[in-house]
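Before any comments, here is the structure.
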Amino acid sequence: MQLFNQNFLNMKVLKFGGTSVGSADRMRQVAKLINNNQPKIVVLSAVSGTTNQLVEMSSMLYKSDVARFNQLLLIMEDQYTDFIEKLITNQELRSEAFSVLTLHMNHIDAFSKDMFTKFEERAILAQGELLSTAIFALYCKQEGINANLFPALDFMRINNEGEPDDYYIKVNLERMLKEFEGTDILITQGFICRNAYGEIDNLKRGGSDYTASLIGAAIDAEEIQIWTDIDGMHNNDPRVVQNTQPIRQLSFDEAAELAYFGAKILHPSSVRPAKEKNIVVRLKSTLDPTAEGTIISTASNRNFIKAVAAKDGITAIKIKSGRMLLAYGFLRSVFEVFELYKTSIDMITTSEVAISLTIDDTSNLDEIIKDLEKFGIVEVDRDQSIVCVVGDFLAERAGFANEIMHALKEIPLRMVSYGGSRNNVSVLVNSDHKKKALNALNDYLLHQTGEGME
Ligand code: ADP
Ligand code: ASP
Ligand code: MG
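Mapping to our numbering: the sequence shown position 294 is 288, numbers consecutive.
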């Protein structure tokens, strides 16, 4: 189905994260980067720190600690007042910006007067992106840039299952793009959306990347660019390991594995829509715009260990059952328990007498354990991390697993998963060993060639 007319083809979608819009200077830099007479959709996150502050305000309201909530709200108002004063010099636009700020502050404040539930929390969390885009749009106006606000709540939507409603998104984007014909730059909010009931919702923390990718896929964009505070996907977690290197090229599958297994630079689901439409995703740094960054596409350097990532907060569950394990239907019965509680499994290994698997969502753990105990003895290990080695591992090329195991020889491994896909070898370690594991893999596998091991 081709919904769009020629005018909307060859558009790029550019997403700028929290740090990239984190100060008046950074916003000025973003305006420079986007102002080149090419039609584009610009997706902005909240100013860095704002969503965390809104989460904290919400937790105060859950606890009915209105005094602390009021303090936090005042701090935020001061920060934005300062931000606007530094960014917007035109008096008329500045007073418009202050009116917008007051509107949002009053809106947040109103939630302290009544009952506070998940519904109100989601509405509070949306204020960060609504504020950053409103302020940025006023700055663009001041600079004479042909830009307009393009409200995400009018087209971005999730369904009953919490999954993007692709059809709704596409149809509404088409309608709105026609309405905005003649505007070069459409500024929209990342992260926020409506749910199946029309309420304000979001695409989970870090979700602005996902917004950009969903828009890109819906409009068949020429390219999706994720602008952040680092020069692309690095070959290891720069928060844990020193001297990590940017990776120039990744396949969609490799990038998806890294994002899913903890590379914070990309939201875990953000690669899928781009992959489905074969749209190139480029990761770039606003702090160093001339750096090459990373290109994510169908191309990949074959036979290469590319990168390592780690995902924390993992719980391992072992079910021991000598009697039943090999009986057919047993695995299905176990999986049905997880299906019942809508809990997805990340890693799985089996032996003659036991099955081990991991989950990261423990909200229904007690019920899950109770149900699993019908099948045998259940053991639970919390505070685990999945360490995931990603690359293009051809089965024909011997030795990858050996190299990985050799690098990790000093570290106790709780589970090992190899062969599930050609892109991923994962091990489960106690989170206390994560740093050592990432560094060992870096020293042995990644450091030697700068990009990875062949
Ligand atoms: P933004 O606010 O722009 O969305 P994020 O903080 O979500 O930025 O993502 C960028 C951060 O991701 C980097 O500053 C870096 O610390 C972290 N990160 C974790 N793993 C990786 C990796 N493999 N490559 C690059 N960055 C990574
Ligand atoms: N502002 C949201 C967050 O902090 C979304 C994002 O930055 O991508 O999670
Ligand atoms: Mg992010």
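Cβ coordinates follow ideal geometry from the N, Cα and C atoms, glycine included.
All values derive from a computational prediction rather than experimental measurement.
Residues bridged to residue i by DSSP?
i, result
"residue 228", "240"
"residue 382", "303 and 420"
"residue 187", "195"
"residue 10", "38 and 221"
"residue 374", "311"
"residue 412", "419"
Please classify residue i as buried or exposed, where buried requires at least 16 neighbouring CB atoms within 10 angstroms.
i, result
"residue 254", "buried"
"residue 68", "exposed"
"residue 406", "exposed"
"residue 115", "buried"
"residue 169", "exposed"
"residue 33", "buried"
"residue 173", "exposed"
"residue 109", "exposed"
"residue 207", "buried"
"residue 205", "buried"
"residue 443", "Low local confidence applies: a pLDDT of 44 at residue 443 is under 50, so the model's placement there is unreliable, and no value is given."
"residue 9", "buried"
"residue 119", "buried"
"residue 248", "buried"
"residue 257", "buried"
"residue 294", "buried"
"residue 452", "Since the first and last residues shown for the chain are -5 and 448, residue 452 lies out of range."
"residue 264", "buried"
"residue 242", "exposed"
Just checking: is the beta-carbon of residue i within a distance shorter than 7 angstroms of some beta-carbon in chain B?
i, result
"residue 280", "The displayed structure is made up of one protein chain only, and chain B is not part of it."
Under 7 angstroms Cβ to Cβ from residue i, same chain only, skipping five residues before and after it: list those, please.
i, result
"residue 201", "184, 185 and 261"
"residue 337", "353, 355, 358 and 362"
"residue 217", "6, 273, 274 and 276"
"residue 307", "354"
"residue 431", "381, 402, 405 and 423"
"residue 203", "9, 220, 260, 261 and 264"
"residue 4", "216"
Quick one, are the C-beta atoms of residue i and residue j less than 7 angstroms apart?
i, j, result
"residue 178", "residue 140", "yes"
"residue 15", "residue 38", "yes"
"residue 420", "residue 380", "yes"
"residue 210", "residue 268", "yes"
"residue 347", "residue 314", "yes"
"residue 215", "residue 164", "no"
"residue 301", "residue 237", "no"
"residue 331", "residue 365", "yes"
"residue 180", "residue 28", "no"
"residue 341", "residue 399", "no"
"residue 171", "residue 187", "no"
"residue 190", "residue 166", "no"
"residue 373", "residue 312", "yes"
Quick one: what's got a C-beta closer than 8 angstroms to residue i's C-beta in the same chain, skipping five residues either side?
i, result
"residue 433", "234 and 235"
"residue 278", "219, 220, 221, 222, 225, 226, 285 and 287"
"residue 22", "81 and 133"
"residue 397", "299, 438, 439 and 447"
From this set, the options, which residue's C-alpha is nearest residue i's C-alpha?
i, options, result
"residue 88", "148, 226, 128 and 246", "128"
"residue 436", "249, 53, 13 and 303", "303"
"residue 124", "148, 226 and 415", "148"
"residue 283", "190, 222 and 403", "222"
"residue 71", "84, 48 and 86", "48"
"residue 135", "298, 81 and 55", "81"
"residue 392", "299, 314, 315 and 423", "299"
"residue 112", "231, 4, 56 and 101", "56"
"residue 51", "103, 26, 31 and 92", "103"
Within the same chain, show all residues whose beta-carbon is closer than 6 angstroms to that of residue i, passing over the 5 residues directly before and after it, in chain order.
i, result
"residue 251", "384, 417 and 418"
"residue 375", "310"
"residue 429", "234"
"residue 412", "395 and 419"
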